[in-house]
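A.B. asks:
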């Protein structure tokens, strides 16, 4: 069975640009969460989507937005990129019903902002 | 509030030794914990979880111990192998009415020498 997939694997952007990252959850999983992992630290929660709605949001500015599609895949959008946005962006999916503590991660997208 | 941290940033062991990775938490109401393994360039991989109604849970070569009295949990890896070299995180779900965020500690880097 396929796990969580993310695209692209690597991305280089310039300050001020916009980026869109994509995630496909494990088949049958309806919840998708996004995390940012800066080098040397643990993942930091950005937001969670379930049934196409944002269910919970971490301490990230409005430049970070997302979307979940009817097929449960998800996008993370970041506007007006800053150098500090350089990180590994992880997507995690959870089984259908809450609580969603059991989360399975994809390989991540490595974003470099220059 | 919720917080999960690890005692040591690095741990070096010889192949075949047993490894113990520790984690402390602050919220006495926490009832579910997860250990993740993250290899270089990859997303966190679910290892084992434990709920607060248990003191111990065993998997394949791994055991998690939970001491609710002192708010401490540990991950024990038996007969550590070079393939166990990775960063290990304990994580705790922060569940609110609408959704769930995983709160990660900073991680312990396990290095296994042969």
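Protein chains in written order, with the numbering used here: chain A, 2 to 115; chain B, 153 to 266.
Just so it is clear, CB atoms sit at the ideal spot from N, CA and C, and this is done for glycine as well.
Nearest to residue 94(A) by alpha carbon, out of 86(A), 107(A), 85(A) and 88(A)?
C.D. replies: Checking every option, the nearest Cα to that of residue 94(A) belongs to 107(A).
A.B. asks: Under the assumption that residue 92(A) contacts residue 5(A) (Cβ atoms under 8 angstroms), give the Cβ distance between them as a whole number of angstroms.
C.D. replies: Confirmed, Cβ separation roughly 6 angstroms.
A.B. asks: Please classify residue 113(A) as buried or exposed, where buried requires at least 16 other C-beta atoms within 10 Å of its C-beta.
C.D. replies: Answer is exposed; the Cβ neighbour count stays below 16.
A.B. asks: Please list the partners that residue 91(A) has in chain B, where partner means a Cβ-to-Cβ separation under 9 angstroms.
C.D. replies: Chain B residues near residue 91(A): 195 and 196.
A.B. asks: Give me whichever residues DSSP pairs with residue 256(B) in a beta bridge.
C.D. replies: Answer is 243(B).
A.B. asks: Check distances from the C-beta atoms of the region 49-64 of chain A to those of chain B and list, in chain order, the residues that come in under 9 angstroms.
C.D. replies: Result list: 49, 50, 51, 54, 55, 56, 57, 58 and 59.
A.B. asks: How many whole angstroms separate the CB atoms of residue 23(A) and residue 76(A), which I take to be in contact at a CB cut-off of 8 angstroms?
C.D. replies: With 8 angstroms as the limit, residue 23(A) and residue 76(A) qualify as a contact, their Cβ atoms being about 6 angstroms apart.
A.B. asks: What distance in whole Å lies between the Cβ atoms of residue 156(B) and residue 232(B), which are believed to be in contact at a cut-off of 8 angstroms?
C.D. replies: About 23 angstroms separates the two Cβ atoms, so there is no contact after all.
A.B. asks: If we require 3 or more residues per run, which beta strand (DSSP E) segments fall completely within the region 171-256 of chain B?
C.D. replies: If we require 3 residues or more, the beta strand (DSSP E) runs fully inside the region 171-256 of chain B come out as 171-177, 184-190, 197-203, 208-210, 214-219, 224-229, 238-247 and 252-256.
A.B. asks: How big is the Cα-Cα spacing for residue 115(A) and residue 63(A)?
C.D. replies: So the two alpha carbons sit approximately 21 angstroms from each other.
A.B. asks: Is residue 234(B) buried or exposed, if buried means 16 or more other CB atoms sit within 10 Å of its CB?
C.D. replies: Exposed is the call here.
A.B. asks: Measuring only between beta-carbons, confirm whether residue 227(B) sits less than 8 angstroms from chain A.
C.D. replies: False, the Cβ-Cβ gap to chain A never drops below 8 angstroms.
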